[in-house]
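Everything below concerns the one structure shown next.
Residue numbers (the working numbering), protein chains in the order written: chain Z, 50 to 117; chain P, 1031 to 1300.
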């Protein structure tokens, strides 16, 4: 199946969970990333149980704390 | 308000723009923006707002200028070392544009002072370097119904979003709570390329100016991310469903401001 991850279309095996995708994409500090699928938030406790489907658009939103 | 000849010339490149005009320039001159944090983001933001003729610029920062600031905080100079950042910033702005009134607040924002600080300003810019301050600014602005532009920078990356009351998600809609102390690296720990403050801080100034003029589309409902190494900007659509947010939602559970624990490098210049 094809999933768009951070704007890039990629091929993945069926049954991929958000937790697995976070791992595959080598997300930095994965426990603090916010994930959206098709413009909806995924609850942070639901990564293991959320299964992605063909055509989904996934975004990772990262904490960025610097500024001064 | 009638322009002086000097003002007509100073703001001529604005006045000629159909989106600004004499009316828009007058709006800017009668507007006020508060910048919290006079550093990597706050320095360019303050300078562009001042040059643009935003009539009142407030700057809040408790720190003094340190040598490690000067790689990116372009409003401060070598001769300002040891000087209060708000004073150094005020001196530069007054030299840039005598039309601008500068209010300085030599404080770190916390739950006891932020509501009073933001209440008289039209727009707030978050130029802080830590999550407790970023959540505090968000919550205070949501509670007071103030628009603000959030930004963060680290290494070769930066991001920003704009909150306008009643229009799209707030910072807490996306990031529910601050990460634990030291769980996410800061600029001091991870570094930041100096020009990143220039890119993102200038974009924050742009959002403030567009808001004040009432032109164009703001980054409400979007997070703009910038990666300098790949030279990619991405405008990421944020979920519009915000009813459940703890602060801006329909039944907020956060109704008082919170002072979260500061990470180890807060209170020192990053």
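From the three backbone atoms N, C-alpha and C, an ideal C-beta is built for every residue, glycine too. Since this is a predicted model, take the numbers as computed values, not measurements.
Interface residue (Cβ-Cβ distance to chain P less than 9 Å): residue 94 of chain Z is not classified as such.
When C-beta atoms of the region 1129 to 1137 of chain P are compared with those of the region 1076 to 1093 of chain P, three or more pairs fall below 8 Å, so the two segments count as touching.
Per the Cβ contact rule, the region 1169 to 1187 of chain P is not in contact with the region 58 to 71 of chain Z (fewer than 3 Cβ pairs under 8 Å). Within the same chain, 1198, 1199, 1200, 1203, 1278 and 1279 come within 8 Å of residue 1272 of chain P by CB-CB distance, once the 5 residues on both sides are set aside.
With a beta-carbon spacing of about 7 Å, residue 1157 of chain P and residue 1231 of chain P fall inside the 8 Å limit used to define contacts.
Not a single C-beta of chain P is nearer than 9 Å to the C-beta of residue 61 of chain Z. If you compare the alpha carbons of P/1236, P/1096 and P/1033 with that of residue 1075 of chain P, the shortest gap goes to P/1236. Contact between residue 82 of chain Z and residue 111 of chain Z holds: their C-beta atoms lie close to 6 Å from each other, under 8 Å. The beta carbon of residue 104 of chain Z sits no closer than 9 Å to any beta carbon of chain P. Each residue's CA atom was taken as its position, placing residue 1188 of chain P and residue 1155 of chain P some 15 Å apart. Under the three-pair Cβ rule at 8 Å, the region 1166 to 1173 of chain P counts as touching the region 1138 to 1147 of chain P. In the three-state reduction of the DSSP assignment, residue 76 of chain Z falls in the coil class, being assigned neither a helical nor a strand state. Interface with chain Z (9 Å Cβ-Cβ cutoff): residue 1128 of chain P is excluded. Exclusion of the five residues before and after residue 1229 of chain P leaves 1188 and 1256 as the residues of its chain whose Cβ lies within less than 7 Å of its Cβ. The straight-line gap separating the alpha-carbon atoms of residue 1160 of chain P and residue 1035 of chain P is approximately 44 Å. Contact annotation: in the region 1192 to 1222 of chain P, residues whose CB is within less than 7 Å of a CB in chain Z are 1204, 1205, 1209, 1213, 1214, 1216, 1217 and 1222. Neighbours of residue 1159 of chain P across chain Z, judged by C-beta separation under 8 Å: 114, 115, 116 and 117. Around the C-beta of residue 100 of chain Z, fewer than 16 other C-beta atoms lie within 10 Å, and the residue is accordingly described as exposed. Only residues of its own chain outside the window of five on either side were considered, and among them 1179, 1237, 1248, 1249 and 1250 have a CB closer than 6 Å to the CB of residue 1192 of chain P, listed in chain order. Look at residue 1143 of chain P here: in three-state DSSP terms it is coil, with no helix or strand label.
With distances taken between CA atoms, residue 85 of chain Z lies nearest to P/1252 out of P/1220, P/1050 and P/1252. Each residue's CA atom was taken as its position, placing residue 106 of chain Z and residue 97 of chain Z some 17 Å apart. Rounded to the nearest whole angstrom, the C-alpha separation of residue 1283 of chain P and residue 1176 of chain P is 19 Å. Residue 1051 of chain P and residue 1098 of chain P have their C-alpha atoms spaced approximately 41 Å apart. Among the residues of chain P, those whose CB is under 9 Å from the CB of residue 110 of chain Z are 1189, 1204, 1205, 1253, 1255, 1266 and 1268, following chain order. Residue 1279 of chain P has a beta carbon lying at 9 Å or more from every beta carbon in chain Z.
For residue 1063 of chain P, the closest of P/1100, P/1125, P/1225 and P/1241 by C-alpha to C-alpha distance is P/1241. In the three-state reduction of the DSSP assignment, residue 1229 of chain P falls in the helix class. Nearest to residue 1286 of chain P by alpha-carbon distance, out of P/1153, P/1205, P/1140 and P/1220, is P/1140. At a C-beta separation below 7 Å, residue 1069 of chain P has these neighbours in chain Z: 116 and 117. Looking at the DSSP output, residue 1086 of chain P sits in a beta bridge with P/1062 and P/1131.
The secondary-structure analysis by DSSP pairs residue 1239 of chain P with nothing; it has no beta-bridge partner. Residue burial annotation: residue 1281 of chain P is exposed, with fewer than 16 other C-beta atoms found within 10 angstroms of its C-beta.
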